[in-house]
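Enquirer: The structure's right below; bear with me while I get my questions together.
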Amino acid sequence: MSFPLFTAQQVRDIDQRLIAAGTPGSQLMQRAAEAALTALRLRWSQARAVIILCGRGNNGGDGHVLAGLLRQTGTTVHVLQLGDSTRLAGDARLAAEQAAALGACASPYEAEALAALLSKYSDDRIVIVDAMLGTGFHGTLRGEFADAARLINASAQPVMAMDIPSGLHADTGQVGEEAVVATVTVTFIARKRGLYTGSGPDHAGEVVFDDCGAESAAVDVDAPGVRAIDAGLLGAVLKPRARSTHKGHNGSVLVVGGDAGYGGAAMLAAEAAVRSGAGTVSLLTRTAHITAMLTRRPEVMVCGVEAWQGDAGAMAQQLVEKASVVIIGPGLGQSAWSRQMLQCSVMWATMLGKPLVLDADALNLAAKDAGFWSESAPSGQRQHWVVTPHPGEAARLLGLSTAQVQADRFAAIGQLQLLTGAQCLLKGAGSLLAFAPGTSGDTDTLDVCIEGNPGMASGGMGDILTGVIAALMAQGLSSADALRCGVCAHGEAADLAVVSVGERGLLASDVVSFLPKVLNVNDK
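Residues in the sequence shown are numbered consecutively from 1, following UniProt numbering.
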């Protein structure tokens, strides 16, 4: 499945259009609170009490309406008001007054009061509701808001955030020193993109969405430019093979990498390409790695090259000629051998019109060469390349720090695409995909992959991803579709592997074995 993701301003625009179309703001608050109540009761029906922390804005207003609804069900509710309650205005003020009339009167927030409540219910089933700050927040939590977030996070109680966890940037997924870590986030009107990338998944927990009637109201909504994707798209793109198919129909992948001491990365990429359906896979690597590769996976053909010259260079050139797509980077290293392999393989691939998948040290070496992208190939060829950096590699390419990349991943992926002219992936929680203009069915759309799990934070995961993407390209998918399907299949295979292995100790090799199951989605 896929669904659109919005910035805070885009959500505010939808909100205003709903109001202009005849839905009062107070009614939107009511709908939001009802959605939150449903989510709360489904998950914590036995909760003895609910503690709601409300800010002064509309997010706090949602919390006050929820408090009133809970009181009507007979639930014990404690409401703590952050900020000057005399400055409550508009719908938020009305919500607080109505909640008080129902017996859910707010008390001014004090750290001691919250700590006392948490201590009082330490052995009971309670729920904490975060309605302090909404999508208008950016920066760092300070004062009583930071204090409340610390106390909430230190408790062992479940937390439900209304719309977005306080302290999380709705657009970027960035957090400061303090931000609420929710068990569940119930988000309203439209899904906020910051919930799905960067620190968003860590702080949002399970995301529940309610449009509060936006869809049925049929208000005009501008295309947001970002969407979430998952493995559900595989069925529409990966078609069953014809009975007459032979290996020549399924393309050939060449992996270039594996300097001394780094052979495993290149082997993993080659094995993943085999497991992802490429007709043939070859590995161009150091001679010392031939035996290990053939022992591990005899289906992979291996060529040992110590220098791209003479007979060895001619053999390497022939491998590039025969390849449908060339992977450069896994275990490549940054030695003189590494630089020669990168330079020669890119040169021959460009001359022969072969698409490339560049990762790892291919990108680190490219970052040291200011003219690499413009001088390696014309823009028309590079738009069929795929580059797959993690945040550190992206930072080196862009001349930034890793922290700067992570502070606004959406901006970083856009800059990467402009720099490289290629199909781009920025790996991490909520991996981001950006496409070369004119090569994707959704030219102006960034994709966010919501597959995967923390077990993937181990060596070799990126190497197998390059193998999956290249194998799909070799089988005839466009570079854009191969990137989308490869990233989602990689994450889904990891999710299946976790069921058997668990997150801690998950290996890239574990994930490879689940790739055929994921990629054969349409086989009968």
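Think of the CB as a built atom: it goes at the ideal place given N, C-alpha and C, for glycine as much as any other residue.
No experiment lies behind these values; they were computed from the predicted model shown.
So, under 8 angstroms CB-CB, Val518 and Leu496 are touching, yes? Tell me the CB distance rounded to an integer number of Å.
Expert: Rounded, the Cβ-Cβ distance is 7 angstroms, consistent with contact.
Enquirer: Return the Cβ separation of Ala360 and Leu342 in integer angstroms, given the expectation that the two are a contact with Cβ distance under 8 angstroms.
Expert: Their Cβ separation, rounded to whole angstroms, is 11 angstroms, which puts Ala360 and Leu342 out of contact at 8 angstroms.
Enquirer: Within 10 angstroms of the Cβ of residue 536, are there 16 or more other Cβ atoms? Answer buried if so, exposed if not.
Expert: A query on residue 536 cannot be resolved here, the shown segment of the chain reaching from 1 to 524 and no further.
Enquirer: Tell me whether the beta-carbon of Val499 lies closer than 8 angstroms to the beta-carbon of Ile464.
Expert: No. Outside cutoff.
Enquirer: Whole angstroms is fine: what's the gap from Gln381's alpha carbon to Ala370's?
Expert: Going from the Cα of Gln381 to the Cα of Ala370 covers about 19 angstroms.
Enquirer: Would Leu506 pass as a contact of Ser458 if the rule is Cβ separation under 8 angstroms?
Expert: Result yes, Cβ atoms of Leu506 and Ser458 sit closer than 8 angstroms.
Enquirer: What ranges does the alpha helix (DSSP H) occupy inside the region 210 to 279, keeping only unbroken runs of at least 4 residues that lie completely in it?
Expert: With a minimum length of 4 residues, the continuous alpha helix (DSSP H) runs that stay inside the region 210 to 279 are 234 to 237, 263 to 275.
Enquirer: To the nearest angstrom, report how far apart Ala8 and Asp408 are at their CA atoms.
Expert: When rounded, the distance between both Cα atoms is 14 angstroms.
Enquirer: In the structure shown, what three-state DSSP assignment does Asp130 receive?
Expert: Here Asp130 sits in strand by DSSP.
Enquirer: Please report the Cβ distance between Gly430 and Val448, rounded to the nearest whole angstrom; I am assuming they are in contact, meaning their Cβ atoms lie under 8 angstroms.
Expert: About 5 angstroms; that satisfies the 8 angstroms criterion.
Enquirer: Let me know if Gln423 comes out buried or exposed under the rule of 16 or more other beta-carbons within 10 Å of its beta-carbon.
Expert: By the 10 Å Cβ count, Gln423 comes out buried.
Enquirer: Give a yes or no on contact between the region 94 to 105 and the region 52 to 69, applying the rule of three or more CB pairs nearer than 8 angstroms.
Expert: Touching, yes, given that three or more Cβ pairs across the two stretches are closer than 8 angstroms.
Enquirer: Taking the alpha-carbon positions, what's the Arg142 to Ala115 distance?
Expert: Cα to Cα, Arg142 sits roughly 18 angstroms from Ala115.
Enquirer: When the Cα of Lys239 is compared with those of Leu472, Phe514, Arg504, Glu306, which residue comes out closest?
Expert: Closest option to Lys239, Cα to Cα, is Leu472.
Enquirer: Assuming the contact rule is C-beta atoms closer than 8 angstroms, Ile290 and Val302 should be a hit. Round their C-beta distance to whole Å, please.
Expert: Contact holds; Cβ gap of about 5 angstroms.
Enquirer: Are the CB atoms of Phe410 and Ala172 within a distance shorter than 8 angstroms?
Expert: The residue you asked about is not Ala; residue 172 is Thr in the sequence shown. In this structure, Phe410 lies closer than 8 angstroms to Thr172 by Cβ.
Enquirer: Return the CA-CA distance between Ser374 and Ala161, expressed in angstroms with no decimal places.
Expert: One C-alpha to the other measures close to 46 angstroms.
Enquirer: According to the neighbour-count rule (16 or more other Cβ atoms, all chains shown, within 10 Å of its Cβ), is Pro378 buried or exposed?
Expert: It counts as exposed.
Enquirer: Thinking just about the alpha-carbon of each residue, which of Leu446, Ala480, Ile14 is nearest to the one in Ala190?
Expert: Out of Leu446, Ala480, Ile14, Ile14 has the C-alpha closest to the C-alpha of Ala190.
Enquirer: Using 8 angstroms as the Cβ pair cut-off and three pairs as the minimum, do the region 107 to 124 and the region 27 to 36 touch?
Expert: Segments in contact, no.
Enquirer: Hey, which unbroken runs of the beta strand (DSSP E) at 3 residues or more fall wholly within the region 405 to 431?
Expert: Taking only runs of at least 3 residues, the beta strand (DSSP E) segments lying wholly in the region 405 to 431 are 423 to 426.
Enquirer: Any chance you could list the alpha helix (DSSP H) runs of at least 4 consecutive residues sitting entirely within the region 294 to 382, in chain order?
Expert: Counting whole runs of 4 or more residues, the region 294 to 382 contains the alpha helix (DSSP H) stretches 310 to 322, 336 to 351, 361 to 367, 372 to 376, 379 to 382.
Enquirer: To the nearest angstrom, how far is it from the Cα of Gly452 to the Cα of Ala394?
Expert: Between Gly452 and Ala394, the C-alpha separation is close to 20 angstroms.
Enquirer: Assess, as a yes-or-no matter, whether the region 225 to 235 is touched by the region 303 to 316 under the definition of 3 or more beta carbon pairs within less than 8 angstroms.
Expert: The region 303 to 316 is not in contact with the region 225 to 235.
Enquirer: Look at the alpha carbon of Gly25 and the alpha carbon of Ser252, and state the distance between them as a whole number of angstroms.
Expert: Rounded to the nearest angstrom, the two C-alpha atoms are 58 angstroms apart.
Enquirer: To which residues of the same chain is Gln46 closer than 6 angstroms at the C-beta, ignoring the five residues directly before and after it?
Expert: Hits under 6 angstroms: Arg125.
Enquirer: Report the rounded CA-to-CA distance for Ala260 versus Leu398, giving the unit in angstroms.
Expert: Rounded to whole angstroms, Ala260 to Leu398 spans 28 angstroms at the Cα level.
Enquirer: Rounded to the nearest angstrom, what separates Ala266 and Gly438 at their Cα positions?
Expert: Between Ala266 and Gly438, the C-alpha separation is close to 31 angstroms.
Enquirer: Throw me the rounded Cβ distance for the Leu102 and Gln72 pair, which I believe falls under 8 angstroms.
Expert: 6 angstroms between Cβ atoms; contact.
Enquirer: Three or more C-beta pairs under 8 angstroms: does that hold for the region 342 to 354 against the region 313 to 329?
Expert: Yes: at least three Cβ pairs fall under 8 angstroms.
Enquirer: Count the other CB atoms within 10 Å of the CB of Pro298; is the residue buried (16 or more) or exposed (fewer)?
Expert: Exposed, because fewer than 16 other Cβ atoms sit within 10 Å of the Cβ of Pro298.
Enquirer: Enumerate, from N- to C-terminal direction, the unbroken beta strand (DSSP E) stretches of 3 or more residues contained entirely within the region 120 to 179.
Expert: Counting only runs of 3 or more, we get 126 to 131, 159 to 162.
Enquirer: Bridge partners of Val186, per DSSP?
Expert: Answer is Met162, Val208.
Enquirer: Is it buried or exposed, Asp522, if we count other Cβ atoms within 10 angstroms and call 16 or more buried?
Expert: Here the sequence assigns Asn to residue 522, which means Asp is not the residue at that position. Under this definition Asn522 is an exposed residue.
Enquirer: Who are the near neighbours of residue 545 in its chain, counting only those whose CB is closer than 6 angstroms to its CB and skipping five residues on each side?
Expert: In the structure as shown, the chain begins at 1 and stops at 524. Residue 545 is therefore absent and cannot be evaluated.
Enquirer: Looking at the unbroken alpha helix (DSSP H) that takes in Cys105, where does it start and where does it end?
Expert: Cys105 -> no alpha helix (DSSP H), and no H or E assigned at all.
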